[in-house]
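Colleague: In the numbering used here, the protein residues as written are 148 to 401.
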């Protein structure tokens with residue numbers, strides 16, 4: 148509980164955690180136990196879940212999850228919305244497909260086909276995930292550190308709906324991440340395991356196993372397509388999708 152309380156207090160007060168606040172969890176179960184403790188201490192509404200990659204996999208599991216809280220999700224705006232990171236912690240931006248749950252999954256169902264998972268999604272948007280933690284070493288201490296601090300999530304910027312996502316294959320869309328007008332990364336979702344709908348399938352199965360119900364209207368941040376790109380205060384971030392859609396934000400201090 149000490150680890151969870153330290154991270155919750157640090158996030159609430161906007162302060163850094165220079166060193167990991169306890170013994171680093173050695174298993175995914177231990178890490179999610181810390182996340183569960185932190186959720187019990189937080190009074191913020193969970194409005195979605197981020198999915199990230201575990202590379203290399205741990206015990207055959209190649210993805211992780213963490214909550215997205217109310218107040219941290221913003222629509223694309225002009226001028227670009229300022230997204231906060233912990234100035235003395237870790238901060239990064241990620242180009243992602245954002246999936247919205249249209250039908251709540253059966254909490255007792257623990258296995259899904261891709262078609263079954265996709266059928267529960269009612270919208271797909273282009274977006275940016277802001278990854279940030281009070282602990283500056285979160286991204287260099289492995290998946291269990293990430294999981295233990297809410298999956299390293301600190302918000303979403305929701306862009307336009309990805310037109311044609313039902314009929315086309317968003318996995319083939321070229322995606323770029325730009326910081327301060329310099330291209331930092333480029334890739335397609337085909338390179339990220341089984342793509343954004345695979346992330347949804349993982350999340351539905353994972354949350355059923357944890358006994359945490361999902362709700363219609365919640366977002367799924369489906370994973371960094373071009374990588375996890377560190378940002379600094381004052382940076383301007385732009386994610387470009389298929390040459391047709393763009394999402395922008397600026398980075399400010401928490």
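In this text, a Cβ means the ideal position worked out from N, Cα and C, and glycines have one as well.
#1: In chain order, what residues of the same chain have a beta carbon less than 6 angstroms from the beta carbon of residue 323, not counting five sequence neighbours either side?
#2: With DSSP collapsed to three states, give me the class of residue 210.
#3: Hey, would you say residue 196 sits closer than 8 angstroms to residue 214, going by beta carbons?
#4: First and last residue of the beta strand (DSSP E) that includes residue 300?
#5: Determine the direct distance from the alpha carbon of residue 315 to that of residue 293, and round the result to whole angstroms.
#6: What's the gap between the Cα of residue 170 and the Cα of residue 342?
#7: Verify whether the separation of the beta carbon atoms of residue 241 and residue 275 is less than 8 angstroms.
#8: Please determine, among 271, 178 and 165, the residue with the shortest C-alpha to C-alpha distance to residue 310.
#9: In the structure shown, what three-state DSSP assignment does residue 182 receive?
#10: Measure the C-alpha to C-alpha separation of residue 154 and residue 357 and round it to an integer number of angstroms.
#11: Please specify which runs of the alpha helix (DSSP H), each continuous and at least 4 residues long, are wholly inside the stretch 307 to 366, giving them in chain order.
#12: What does the Cβ neighbour count give for residue 299, buried or exposed, with the cut at 16 atoms within 10 Å?
#13: So, helix, strand or coil for residue 288, using DSSP?
Modeller: The structure says:
#1: 330, 333 and 387
#2: strand
#3: yes
#4: 300 to 308
#5: 33 angstroms
#6: 33 angstroms
#7: yes
#8: 271
#9: helix
#10: 21 angstroms
#11: 342 to 357
#12: buried
#13: coil
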